[in-house]
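These notes concern the structure reproduced below.
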Amino acid sequence: MKTVLKLAASAALCLGAFARPALAEDNIVKIGVVAAESGSFVSAGHTLPAGVGLAVKQINDAGGFKVGGKTYKLEMVKRDDRTDIATAIAATQELVRDVKVQAIFGSETHDFTLAMAKITQPAKIIHFAGNSTLAKILTPDSVKPGGEDHYLFQSEPQEFQRSGSTARGVLTLLEPLLGFKPKKSVMIVGNDATGQFLSSYYFKALKAEGQDVPDIIFYPPDTTDFSPFLTRAKSLNPDIIHFWYNGDSTLTALPQALELGAAKSYFLFGVDPGIWKEKQLSADVPVAMSCVPVCWGESSNPKAKTYFDAYFAAGAPHGVTSSVSLLYHDYVHFLVEAWQKADSFDPDKTVEALLSLHHQGVVSDDLTFNPTHQVTHATEVCAAAPGGDISCSMQQPPAEAPKS
Numbered sequence: 001m002k003t004v005l006k007l008a009a010s011a012a013l014c015l016g017a018f019a020r021p022a023l024a025e026d027n028i029v030k031i032g033v034v035a036a037e038s039g040s041f042v043s044a045g046h047t048l049p050a051g052v053g054l055a056v057k058q059i060n061d062a063g064g065f066k067v068g069g070k071t072y073k074l075e076m077v078k079r080d081d082r083t084d085i086a087t088a089i090a091a092t093q094e095l096v097r098d099v100k101v102q103a104i105f106g107s108e109t110h111d112f113t114l115a116m117a118k119i120t121q122p123a124k125i126i127h128f129a130g131n132s133t134l135a136k137i138l139t140p141d142s143v144k145p146g147g148e149d150h151y152l153f154q155s156e157p158q159e160f161q162r163s164g165s166t167a168r169g170v171l172t173l174l175e176p177l178l179g180f181k182p183k184k185s186v187m188i189v190g191n192d193a194t195g196q197f198l199s200s201y202y203f204k205a206l207k208a209e210g211q212d213v214p215d216i217i218f219y220p221p222d223t224t225d226f227s228p229f230l231t232r233a234k235s236l237n238p239d240i241i242h243f244w245y246n247g248d249s250t251l252t253a254l255p256q257a258l259e260l261g262a263a264k265s266y267f268l269f270g271v272d273p274g275i276w277k278e279k280q281l282s283a284d285v286p287v288a289m290s291c292v293p294v295c296w297g298e299s300s301n302p303k304a305k306t307y308f309d310a311y312f313a314a315g316a317p318h319g320v321t322s323s324v325s326l327l328y329h330d331y332v333h334f335l336v337e338a339w340q341k342a343d344s345f346d347p348d349k350t351v352e353a354l355l356s357l358h359h360q361g362v363v364s365d366d367l368t369f370n371p372t373h374q375v376t377h378a379t380e381v382c383a384a385a386p387g388g389d390i391s392c393s394m395q396q397p398p399a400e401a402p403k404s
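Just so you know, we're using UniProt numbering here: the sequence shown kicks off at 1 and counts up by one.
This is the structure in structure tokens:
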């Protein structure tokens, strides 16, 4: 990883002469998307251009937007990183140097985003990424004017917030379906940088809710036979097995868990109830699901149906993680609002505007960035009862991180 980041930094130095994006020509403003439209992370990757593309269409169909007395429209330029970090770096370099985008959206993968930021930030490109893991680098020093991440924005809540709201929602929804208060949870997690990071927060969140949580069980990311991990989990006699974080892997593991009778209930992170219904899945025990951040198959959010009707009508597939698109869609509208408030495409004025605005989005009626460029909003959690009935609720995040 350090070698890759050095390559990205070297690429950034080579871009020095191209550091500023070109002024919009022919009243067209170009924005870039880098995402995995092929490779192992495609289930989340394809949602980025779909969400950004829908926002671009909505803004252009409404007549565009005015900055400096001129009316502009957006053009999305997307690149497939093929779930390969070197490809993501090359794509970002091209978008900054050759395409001269005003902003970049992506990637959905933590280490890819860090590498991309080594290029976007020296070039003063506004960069949105839906990675809760960015808390590692977004600090008061790094985001201040002149800081190395001044133009980088995290479009997903901090992980202690997302994990906290998710854990509380899962336990709240499963308790009445189980008929008793669950006390013991086992986590089964994909063993990569993102899985390790996310699970560390969810582990603490479950502990904060009073759960007895043994050590996390990690599996290699390409696992298809989960029986060794499930057998170990079953031996711990859990009330709930929590699967994190790849929805495709989770849907492979769940039928094996049900056949083995590994737990009294299950939680599937990042699996939409819409997929549960379309695949005609069922279980003889309760199964909770969470969406990142709002569900399309079943939702308590009044704006969700309108959004997802338009999202799927535009050609996006019904995916396990289609809701991830909202970590990008809302922020295209947010960015345009910032340009309008700043009355300029100047990146420093744009950052000031982004930090001052309260934006009405699909995810929330009051989207704001905190001083370290991180957003806060609720997470939707659902639960399927044995027999198929599904209930959902929006879970608000905790105000503070649990103590270690």
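Backbone N, C-alpha and C define an ideal beta-carbon position, used for all residues, glycine too.
Please read all numbers here as calculations on a predicted model, not as lab measurements.
For residue i, name the three-state secondary structure that DSSP assigns.
i           : result
residue 281 : coil
residue 70  : strand
residue 62  : coil
residue 262 : coil
residue 48  : helix
residue 88  : helix
residue 389 : coil
residue 80  : strand
residue 274 : helix
residue 101 : coil
residue 39  : coil
residue 376 : coil
residue 107 : coil
residue 256 : helix
residue 32  : strand
residue 139 : coil
residue 112 : helix
residue 304 : helix
residue 94  : helix
residue 119 : helix
residue 269 : coil
residue 54  : helix
residue 401 : coil
Under 8 angstroms between the Cβ atoms of residue i and residue j?
i           : j           : result
residue 185 : residue 244 : no
residue 159 : residue 219 : no
residue 265 : residue 285 : yes
residue 49  : residue 30  : no
residue 240 : residue 217 : no
residue 389 : residue 363 : no
residue 221 : residue 192 : yes
residue 82  : residue 39  : yes
residue 211 : residue 183 : yes
residue 298 : residue 317 : no
residue 99  : residue 125 : no
residue 85  : residue 112 : yes
residue 43  : residue 328 : no
residue 59  : residue 324 : no
residue 149 : residue 115 : no
residue 34  : residue 91  : yes
residue 295 : residue 283 : no
Leaving out the 5 sequence neighbours to the left and right, which residues in its chain are closer than 7 angstroms to residue i when beta-carbon positions are compared?
i           : result
residue 391 : 173, 382, 383
residue 385 : 177, 286
residue 262 : 230, 233, 234, 241
Under 8 angstroms Cβ to Cβ from residue i, same chain only, skipping five residues before and after it: list those, please.
i           : result
residue 64  : 27, 71, 72, 73, 74
residue 166 : 202, 205, 269, 290, 379, 381, 395
residue 242 : 170, 185, 186, 187, 188, 202, 206, 266, 267, 269
residue 232 : 217
residue 344 : 67, 68, 350
residue 57  : 314
residue 358 : 366, 367, 368
residue 227 : 256, 260
residue 376 : 157, 158, 161, 368, 370, 397
residue 236 : 184, 186, 214
Note down, in chain order, each residue of its chain lying with its Cβ closer than 6 angstroms to the Cβ of residue i, except the 5 sequence neighbours on either side.
i           : result
residue 275 : 320
residue 62  : none
residue 456 : Look at the range of the chain in this structure, 1 to 404, and you will see that residue 456 is not part of it.
residue 37  : 45, 46, 80
residue 393 : 300
residue 197 : 133
residue 311 : 54
residue 342 : 349, 350, 353
Using a threshold of 7 angstroms, is the CB atom of residue i nearer than that to any non-hydrogen atom of the ligand SAH?
i           : result
residue 325 : Absence of the ligand SAH is noted for the structure shown, with no ligands found whatsoever.
Within the 8 angstroms Cβ cut-off, does residue i reach chain B?
i          : result
residue 88 : No chain B is part of this structure, which consists of one protein chain only.
- Message: Tell me whether the segment 205-216 and the segment 133-149 touch, counting them as touching only if at least three CB pairs, one residue from each stretch, are closer than 8 angstroms.
- Response: no
- Segment contact flag, the segment 105-123 with the segment 37-57, C-beta cutoff 8 angstroms, min 3 pairs: yes
- Note down, one range per segment and in chain order, each beta strand (DSSP E) of at least 3 residues found wholly within the segment 165-231. Within the segment 165-231, the complete beta strand (DSSP E) runs of at least 3 residues are 185-190, 217-219.
- Would you call the segment 249-259 and the segment 126-145 in contact, with 3 or more CB pairs under 8 angstroms? Contact between the segment 249-259 and the segment 126-145 is absent, because fewer than three Cβ pairs lie under 8 angstroms.
- Taking the runs of the alpha helix (DSSP H) that are 4 residues or longer, which of them lie wholly in the segment 306-362? 326-342, 347-356
- Query: Is there contact here, the segment 362-377 with the segment 340-350, by at least three beta-carbon pairs under 8 angstroms?
  - Reply: no
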